[in-house]
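Counting from 1 along the sequence shown, just add 77 to a position and that's the residue number in the working numbering.
In this text, a Cβ means the ideal position worked out from N, Cα and C, and glycines have one as well.
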Amino acid sequence: MPKIFTLLERSEVRIKMLDAGFSLIKEHGMIHASVEKITKAAGLGKSTFYNFFPSKEMFVYEIIQYQRDKAKQSFMDALGSRKKITAAEAKLFLKKIIFSEDSIYRYLTSEDQARLKAVLPAEYGINPESENMVMAGLFSHIEGVRKDINFKLAANLIKIMAISMFHQEDLHADALPDTLDRIYDLLFSCIFEEGA
């Protein structure tokens, strides 16, 4: 008979699997982070996984959502009781989240991302409208943001940085830090007013 979890236990078990799965993806990649390895690392039976997630792809999507929620909470913590954070604080925050060691995007190959896109229903994908809404919400809490900000341009620059990290082996390793710094400068000039 399957174990019946309380709501609190379900939440704890779910987070335990998300954390264990992310650690395995960091170490072995998405393909080799099997359901069996995930549940074993979380100290659970394999069948428990499917009581929480319908597929491994949906599980990876849930890791992405979990990390976004943690990044939002980190931003809210930085904001505190203020209405806005400074541009300097925002720049540090953006650098922290774009290339955080805790960003799953650092560990997903282009094949992994194509698989997720192919398998997950369309409503789980990122669409430009929701991307713009997220960015508009974030930037409304930051001082010194340009009034004419182009969210699509900012999103593209962030994606270019992510692509650079995914394909580091194709780039000149010794110039990568300077390359990323230049892209940050360009990104910040697109987001913030001059002098912010």
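- Annotated three-state conformation of F130 is coil, per DSSP.
- Secondary-structure assignment with DSSP links V196 through no beta bridge to anything.
- Sixteen is the threshold: since fewer than 16 other Cβ atoms of the shown chains lie within 10 Å of the Cβ of G272, the residue is exposed.
- I219 carries a strand assignment under DSSP once its states are collapsed to helix, strand and coil.
- For the 8 Å CB-CB criterion, I181 and I115 do not form a contact.
- The shortest CA-to-CA distance from S177 to any of D251, E188, R145 and A165 is the one to R145.
- Here K123 is exposed: its Cβ has fewer than 16 other Cβ atoms, across all protein chains shown, within 10 Å.
- Counting along the chain, the unbroken alpha helix (DSSP H) around L169 starts and ends at A164 to I175.
- Under the three-state reduction of DSSP, F82 is assigned to coil, being neither helix nor strand.
- Fewer than three pairs of CB atoms, one per stretch, sit closer than 8 Å, so the region 102–121 makes no contact with the region 147–161.
- The residues I162, E166 and F170, in chain order, have a CB closer than 8 Å to that of A155 in the same chain once the five nearest residues on each side in sequence are set aside.
- Per DSSP, the beta bridge partners of F269 are V222.
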